[in-house]
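Enquirer: Attaching a single structure in structure tokens format; questions to follow.
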């Protein structure tokens, strides 16, 4: 007996399908798909959420000194002439950063193996490429999703049947985060 559903696809297609569906489930909160796909997606998604819950507070805050280019009112770098050459002027700034513990870093990299890159498009800039932002899905997992499920022991997703699909009568379901 096989340990997983093959979904009538080659291994590369199946892996791509599951990665795409898991990324969309965790970004949007719910997806509509077939029952067989939902059961496979649920396995991967619940594993990632459990990993995020386990490692959510495993970091330390560190203060570092960084050199940042000084900018003028237009947002361009300020340059000054030194020995006949234009040189950018830098300021030293104190920044606080989160430094992941080794196990959290490993968890982050495991998540990034599954997630596809996500671009957030603001509603007022719909259809324009200029104002899109890259979403760090691993960060979203640690900061938004993991705290929500911190007191829960598994069962992070729910499958709700919505009836057969019109074209091929495959059972369609809503897979959502609880």
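In our numbering, the protein residues as written are 2 to 179. Heads up, the beta-carbon is just placed ideally off N, CA and C, and yes, glycines get one too.
1. Among 33, 96, 56, 72, whose alpha-carbon lies nearest the alpha-carbon of residue 104?
2. At which residues does the beta strand (DSSP E) containing residue 178 begin and terminate?
3. Please name the residue in 163, 172, 150, 162 whose C-alpha comes closest to that of residue 178.
4. Go through the stretch 135 to 166 residue by residue and report every complete run of the beta strand (DSSP E) that reaches 3 residues or more, in order.
5. Determine the direct distance from the alpha carbon of residue 82 to that of residue 28, and round the result to whole angstroms.
6. From the DSSP output, in three-state form, read off residue 28 for me.
7. According to DSSP, simplified to helix, strand and coil, what is residue 64?
8. Comparing alpha-carbon positions, which option in 80, 111, 142 lies nearest residue 88?
9. Could you tell me which uninterrupted beta strand (DSSP E) segments, each at least 3 residues in length, are contained entirely in the stretch 108 to 135, listed from first to last along the chain?
10. Grab the span of the alpha helix (DSSP H) containing residue 45 for me, first residue to last.
11. Roughly how many angstroms separate the alpha carbons of residue 168 and residue 18, rounded to a whole number?
Expert: This is what the structure holds:
1. The residue given as residue 104 occupies position 103 in the chain shown. When each option's Cα is compared against that of residue 104, the closest is 56.
2. In the chain shown, residue 178 corresponds to position 177, counting from 1. Per DSSP, residue 178 belongs to the beta strand (DSSP E) from 172 to 178.
3. The sequence position of residue 178 within the chain shown is 177, counting from 1. Residue 178 has its Cα closest to that of 150, out of 163, 172, 150, 162.
4. 158 to 165
5. The residue you call residue 28 lines up with position 27 of the chain shown. The residue you call residue 82 lines up with position 81 of the chain shown. Going by the C-alpha atoms only, they are around 48 angstroms apart.
6. For the purposes of this step, residue 28 is taken as residue 27 along the chain shown, with counting starting at 1. Residue 28: helix per DSSP, three-state reduction.
7. Reading the chain shown from its first residue, position 63 is the one you call residue 64. Three-state result, residue 64: strand.
8. Within the chain shown, numbered from 1, the residue matching residue 88 stands at position 87. Comparing Cα positions, the closest option is 80.
9. 119 to 121
10. As a first step, residue 45 is located in the chain shown; it is residue number 44 there, counting from the start. From DSSP, the alpha helix (DSSP H) with residue 45 extends over 36 to 56.
11. For this step, residue 168 is matched to residue 167 along the chain shown. For this step, residue 18 is matched to residue 17 along the chain shown. One C-alpha to the other measures close to 20 angstroms.
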